[in-house]
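In full-length UniProt numbering, the protein residues as written are 1 to 255.
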């Protein structure tokens, strides 16, 4: 090996054998290489086994209400060794928890650029103007920008990132349930994607009209630079599958 490497790796003398500087480099690199091989073996073994561990996922309440039950059923069937921890909240809260390491994955709405997060669009939802039952304006089914500008201020979710900055609001509400209750009582109009109102519209407790020029980008967010477990990757794939199913069922309306 010394001949091949062009120099001595060991110094041999009367007092014994000592490692040369070149030998120390070879020894350090060799140890690193053996450690890397062990890491590769561990990763391959993990990939070939059934995934396990915990996946901590956060999403807006409108999507959590639709996504979490089918997602949990899918994981219970395919990946019984994976524990799901599911929570809901505003985009700003989900982003902060991702950065703190409290979540592995989140679905957020129209997030701000962040050097520490990787984003991938999950679905672009159609936004609707919602109002009390049998509202004559909303009976049109669709409204123009001009129609919308003539309306009184709207009731909005506390997180306004999904909506244009020019939208006037009289009230901002953190939870969807009281927002929909206020709108149903006639307090004002509201803005929500169809995924958050499909049941109420079907039951007749809310009316809704499409705003063709307004949408909500639902985005998958993952911490940049943090190792992603196989269980988390399976959760990403499962979210996409559940989303496709919900679009096919008409519970999510895309632009």
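By construction, the Cβ of each residue, glycine as well, lies at the ideal position given by its N, Cα and C atoms.
For residue 37, the secondary structure class from DSSP, reduced to helix, strand or coil, is helix. When C-alpha distances from residue 198 are compared across 250, 56, 223, 179, the shortest belongs to 250. The alpha carbon of residue 212 has as its nearest neighbour, out of 194, 133, 179, the alpha carbon of 194. Residue environment for residue 223: buried (at least 16 other C-beta atoms within 10 angstroms of its C-beta). Judged by DSSP secondary structure, residue 247 falls within the alpha helix (DSSP H) whose first and last residues are 230 to 249. Under the three-state reduction of DSSP output, residue 70 falls in the helix class. DSSP lists 220 as the beta-bridge partner residues of residue 120. A distance below 8 Å separates the beta carbons of residue 207 and residue 138. Residue burial annotation: residue 24 is exposed, with fewer than 16 other C-beta atoms found within 10 angstroms of its C-beta. Taking a cut-off of 8 Å for Cβ pairs, the region 86 to 102 and the region 58 to 71 touch, as three or more such pairs fall below it. For the pair of segments examined, the region 60 to 76 was found to touch the region 236 to 245: the number of CB pairs separated by less than 8 Å reaches three. Here DSSP, grouped into helix, strand and coil, assigns residue 51 to coil.
For residue 232, same chain residues with a beta-carbon under 8 Å away, outside a window of 5 residues either side, are 55, 104, 105, 222 in chain order. Burial check for residue 130: the Cβ neighbour count within 10 Å reaches 16 or more, so the residue is buried. Contact between residue 90 and residue 243 is ruled out by a C-beta separation of about 20 Å, above the 8 Å threshold. Secondary structure of residue 95 (DSSP, three-state): helix. The Cβ-Cβ distance between residue 127 and residue 62 does not fall below 8 Å. A check of alpha carbon separations from residue 116 across 107, 32, 101, 125 identifies 101 as the nearest. Out of 151, 52, 228, the CA that lies nearest to the CA of residue 80 is found in 52. Here residue 196 carries a helix assignment [DSSP, helix/strand/coil]. Residue 191 and residue 33 have their C-alpha atoms roughly 57 Å apart.
Where residue 84 is concerned, the enclosing beta strand (DSSP E) starts and stops at 82 to 88. Residue 1 sits in coil when the DSSP states are folded into three classes, being neither helix nor strand.
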